[in-house]
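Undergrad: In the working numbering, the protein residues as written are 8 to 404.
Can you keep this structure in mind? I'll have questions shortly.
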């Protein structure tokens, strides 16, 4: 059974579970069904699993928001060496996204009694920790936590924004229980600007709050990568909130605008994608500041000598510089550029010189034939010419 089939089966069972819950009014039997369904979702943190069991109707929306973020990531980076394609199903439902280089700094595993060579959960690894062999002179088990790159920063921000966007939209459309339109704005009058709140304003505060509780629930480790992930999650949600739109409608005789009602709406997600891509280009490198007692990271500061300035709330932050993504490497999330299409004449990131990392490119010639210059003749037939075009496609060696 392939991955796509398993995903469809999961959605079918989850949808059936939601129907049972709505019919059964959260009876004990239905609650048991929700528990079984949520236990089948891999990679959920304990708090996420609890949310799934209490609000299974929201899980599909969260999944859609996460996928919307990944789709936007793949669009924004479609012409780059790193094109977001390695994310696959690594979403808020799974382990920490393996995007960024893996520092070879090992620490002893906290697992008690884990046999030699144990990896993953058996060796006591947390989310996002990639087991690597211990170096000479090290005893016990060790693992490394991948420091985050710019690409990791963008990925976390766009997915966090996607989940918040999807939750808010579902509330506005009446597809989720316990939420709807923003009631606090109803009926308020802005005398100076000559309009009042009306319609159905998107309840962005609820959407962001719910998404924050669920998405951030995975970040339980006390390390620099957790601080980075939480910051970028919040940056994505903050940028969504700052770009909410105001729509208005005039009321009056013969098209006059005697009164005007306004409401807030969500921005197009593509717009957020472009904003976050700009933030990616201007991302700030940071380093952790550790507490004097327990030596654990407490906050992030901009990586400059003699500077303790924190990044802005809407900055994307990264810890370690990105690899070049020329070669395939599952640890960094790189699929390499071999076989990627490129533009022979372009000087941008999709140009063959940059995309192919100096390895050169292959030229493929194709011929396309189609009917053209068609004319209708009386009576009654259509006569067309045959046109052809020879094209060349370039792919990286």
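Note that the Cβ used here is the ideal one computed from N, Cα and C, for glycine as well.
These numbers were taken from a predicted model, which means no experiment stands behind them.
(1) Suppose you measure from the CA of residue 74 to the CA of residue 265; what does that come to, to the nearest Å?
(2) Relative to the C-alpha of residue 71, which residue among 49, 85, 164 and 176 is closest?
(3) In three-state DSSP terms, what is residue 67?
(4) Short check: CB of residue 343 to CB of residue 359, under 9 angstroms?
(5) Which of the three DSSP states, helix, strand or coil, is assigned to residue 382?
(6) Taking DSSP as the reference, what is the three-state secondary structure of residue 236?
(7) Which residues does DSSP pair with residue 209 in a beta bridge?
(8) Looking at the unbroken alpha helix (DSSP H) that takes in residue 273, where does it start and where does it end?
(9) Secondary structure at residue 309, three-state DSSP: helix, strand or coil?
(10) From 383, 88, 165 and 379, pick the residue whose C-alpha is nearest to that of residue 237; which is it?
(11) Between residue 270 and chain D, is the shortest Cβ-Cβ distance under 9 angstroms, so that the two count as touching?
(12) What does DSSP give as the partner residue(s) for residue 372 in the beta ladder?
(13) Within 8 angstroms, do at least three Cβ pairs link the stretch 266 to 277 to the stretch 287 to 305?
(14) Just checking, does the stretch 244 to 253 make contact with the stretch 209 to 221 on the three C-beta pairs under 8 angstroms criterion?
(15) Out of 267, 222, 85 and 289, state which residue places its alpha-carbon closest to the alpha-carbon of residue 256.
(16) Let's test the definition: count the other Cβ atoms within 10 Å of the Cβ of residue 374 and tell me whether it reaches 16, buried, or not, exposed.
(17) Counting along the chain, where does the alpha helix (DSSP H) carrying residue 56 start and finish?
(18) I'd like to check one pair, residue 92 with residue 81: are the Cβ atoms closer than 9 angstroms?
(19) Which residue marks the beginning of the beta strand (DSSP E) containing residue 297, and which one marks its end?
(20) Report yes if the C-beta distance between residue 161 and residue 284 is below 9 angstroms; otherwise report no.
(21) Applying the 10 Å Cβ sphere with the 16-neighbour rule, what's the burial state of residue 365?
(22) Mind checking whether residue 158 and residue 280 have CB atoms under 9 angstroms apart?
(23) Identify, in the order they occur along the chain, each residue of the same chain with its Cβ nearer than 8 angstroms to the Cβ of residue 172, setting aside the five sequence neighbours on each side.
(24) May I ask which residues mark the beginning and end of the beta strand (DSSP E) holding residue 178?
(25) May I ask you to report which of helix, strand or coil DSSP gives residue 285?
(26) Exposed or buried, residue 297, counting other C-beta atoms within 10 Å across all chains shown (16 or more means buried)?
(27) In the DSSP assignment, what residue or residues form a beta bridge with residue 196?
(28) Buried or exposed for residue 385, going by 16 or more other Cβ atoms inside 10 Å?
(29) Just tell me which of 59, 323, 378 and 353 has its CA closest to the CA of residue 87.
(30) Note down, one range per segment and in chain order, each alpha helix (DSSP H) of at least 4 residues found wholly within the stretch 334 to 371.
(31) Sorted by chain position, which residues of the same chain lie with C-beta nearer than 8 angstroms to residue 282's C-beta, five sequence neighbours on each side aside?
(32) To which residues of the same chain is residue 320 closer than 6 angstroms at the C-beta, ignoring the five residues directly before and after it?
(33) Alpha carbon to alpha carbon, how far is residue 329 from residue 300?
(34) Can you tell me the Cα-Cα spacing of residue 324 and residue 263, whole angstroms?
(35) Helix, strand or coil for residue 279, going by three-state DSSP, please let me know.
(36) Leaving out the 5 sequence neighbours to the left and right, which residues in its chain are closer than 7 angstroms to residue 346 when beta-carbon positions are compared?
TA: Based on what the coordinates show:
(1) Indexing the chain shown from 1 puts residue 74 at position 67. Indexing the chain shown from 1 puts residue 265 at position 258. Distance between the alpha carbons of residue 74 and residue 265 is about 43 angstroms.
(2) Translated into positions along the chain shown, residue 71 becomes position 64. Of all alpha-carbon atoms in 49, 85, 164 and 176, the one lying nearest the alpha-carbon of residue 71 is that of 176.
(3) Along the chain shown, read from residue 1 onward, the residue named residue 67 stands at position 60. Assigned with DSSP and collapsed to three states, residue 67 falls in helix.
(4) Mapped onto the chain shown, residue 343 falls at position 336. Mapped onto the chain shown, residue 359 falls at position 352. Taking 9 angstroms as the Cβ cut-off, residue 343 and residue 359 do not qualify as a contacting pair.
(5) Counting from 1 along the chain shown, the entry for residue 382 is found at position 375. Look at residue 382 here: in three-state DSSP terms it is strand.
(6) Counted from its first residue, the chain shown places residue 236 at position 229. Assignment of residue 236 by DSSP, reduced to helix, strand and coil, places it in the helix class.
(7) Counting from one through the chain shown, the residue named residue 209 turns up at place 202. The partner list for residue 209 (beta bridge, DSSP) reads 188.
(8) What you label residue 273 is simply residue 266 of the chain shown in a count that begins at 1. Neither: residue 273 is in no alpha helix (DSSP H) and is coded neither H nor E.
(9) The sequence position of residue 309 within the chain shown is 302, counting from 1. Here residue 309 carries a strand assignment [DSSP, helix/strand/coil].
(10) In the chain shown, counting from the first residue as 1, residue 237 sits at position 230. If you compare the alpha carbons of 383, 88, 165 and 379 with that of residue 237, the shortest gap goes to 165.
(11) Within the model displayed, chain D is absent; a lone protein chain is all it includes.
(12) What you label residue 372 is simply residue 365 of the chain shown in a count that begins at 1. BP columns for residue 372 point to 399.
(13) These segments do not touch.
(14) A contact exists between the stretch 244 to 253 and the stretch 209 to 221.
(15) Along the chain shown, read from residue 1 onward, the residue named residue 256 stands at position 249. Of the listed residues, the one whose Cα sits closest to residue 256 is 267.
(16) Start at 1 with the first residue of the chain shown, and residue 374 comes out as number 367. Sixteen is the threshold: since fewer than 16 other Cβ atoms of the shown chains lie within 10 Å of the Cβ of residue 374, the residue is exposed.
(17) Reading the chain shown from its first residue, position 49 is the one you call residue 56. In the DSSP assignment, residue 56 falls within the alpha helix (DSSP H) that extends over 53 to 61.
(18) Position 74 of the chain shown, counting from 1, holds the residue named residue 81. Position 85 of the chain shown, counting from 1, holds the residue named residue 92. Inclusion of residue 81 and residue 92 in the CB contact set at 9 angstroms is warranted, their separation being smaller than that value.
(19) Stepping through the chain shown from its first residue, residue 297 is reached at position 290. Element bounds for residue 297: 291 to 297.
(20) Counting from 1 along the chain shown, the entry for residue 161 is found at position 154. Counting from 1 along the chain shown, the entry for residue 284 is found at position 277. Yes, these two residues count as a Cβ contact at 9 angstroms.
(21) Numbered from 1 along the chain shown, position 358 holds the residue referred to as residue 365. By the neighbour-count criterion, in which 16 or more other beta carbons inside 10 Å mark a residue as buried, residue 365 falls on the exposed side.
(22) As a working mapping, residue 158 is identified with position 151 in the chain shown. As a working mapping, residue 280 is identified with position 273 in the chain shown. Against a cut-off of 9 angstroms, the Cβ pair of residue 280 and residue 158 comes out as no contact.
(23) Here residue 172 refers to the residue found at position 165 when the chain shown is read from its first residue. Closer than 8 angstroms at Cβ, skipping near neighbours: 72, 75, 214, 247, 273, 276 and 279.
(24) In the chain shown, residue 178 corresponds to position 171, counting from 1. It is not in any beta strand (DSSP E) - residue 178 instead sits in the alpha helix (DSSP H) that spans 157 to 179.
(25) Position 278 of the chain shown, counting from 1, holds the residue named residue 285. Looking at residue 285 - three-state DSSP - the assignment turns out to be helix.
(26) For the purposes of this step, residue 297 is taken as residue 290 along the chain shown, with counting starting at 1. That one is exposed.
(27) On the chain shown, position 189 is the one that residue 196 refers to. Bridge partners of residue 196: 203.
(28) By 1-based counting over the chain shown, the position of residue 385 is 378. Burial call: exposed.
(29) Taking the chain shown and counting its residues from 1, one reaches residue 87 at position 80. When only C-alpha atoms are compared, the closest one is 353.
(30) With a minimum length of 4 residues, the unbroken runs of alpha helix (DSSP H) contained wholly in the stretch 334 to 371 fall at 359 to 362.
(31) Taking the chain shown and counting its residues from 1, the one referred to as residue 282 is at position 275. So the qualifying residues of the chain are 246 and 250.
(32) If you number the chain shown from 1, residue 320 lands on position 313. Closer than 6 angstroms at the Cβ level, and outside the excluded window around residue 320, lie 245.
(33) By 1-based counting over the chain shown, the position of residue 329 is 322. By 1-based counting over the chain shown, the position of residue 300 is 293. Roughly 32 angstroms separates the two Cα atoms.
(34) Here residue 324 corresponds to residue number 317 of the chain shown, with the count starting at 1. Here residue 263 corresponds to residue number 256 of the chain shown, with the count starting at 1. Our two residues, residue 324 and residue 263, have alpha carbons roughly 49 angstroms apart in a direct line.
(35) Locating residue 279 in the chain shown gives position 272, where the first residue counts as 1. Helix.
(36) Within the chain shown, the letter at position 339 stands for residue 346. For residue 346, the CB contacts under 7 angstroms within the same chain, skipping 5 residues up- and downstream, are 402 and 403 in chain order.
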